[in-house]
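One structure below.
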Amino acid sequence: MKLPNEKHSLLVQPFDRSASASLAISDIMLRFVNAVSEKIRAYRVRQARNRFYRDISDYPAYILEDIGLNPEEVAIAKAHQEKLGVGTVAEIERR
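Take 156 as the starting number for the sequence shown in our numbering and just add one per residue.
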C-alpha cells in the first residue's frame, strides 16, 4: 500500500511493528495501573483509620490511654468526636 504522504506512515502502522513502542506503551500502562492501585490502597487505609477513630471517639481518654493509645491518637479521636458532633457515652446518658 502506497501512502500519499510518507511522513504520516506512523499513524497507520500497528503497534506490533515497533518493539520499542510496545515496551513504552506497556511501561506507561504499568505505571498507570500501579498509580491507580496505590490511590485505592491509600483511600482504603484512610477510610479504615477514620472508621477506627470514629468507633473509639466516644470512649473517655483514660480508657483509650489504658488500651495503649498515645496522647496524640487520643487527641485525634476527640477531634473526630467534635467533628461528628457526638458526645461521650456519659454525656448521652445524662440527656
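Beta carbons are placed, not taken as given, at the ideal position from N, Cα and C, and that holds for glycine.
Computed from a predicted structure; not experimentally measured.
Do you know whose CA, among the options, lies nearest residue i's CA?
| i | options | result |
| --- | --- | --- |
| Y208 | K194, I231, R196, N225 | I231 |
| Q253 | A197, I222, R206 | This structure does not reach residue 253, given that the chain is present from 156 up to 250, and the question cannot be answered. |
| S212 | R199, Y198, A197, E228 | E228 |
| A234 | P215, I222, V200 | P215 |
Q) Fully enclosed by the stretch 168-229, which alpha helix (DSSP H) runs are 4 residues long or longer? A) 174-211, 216-221
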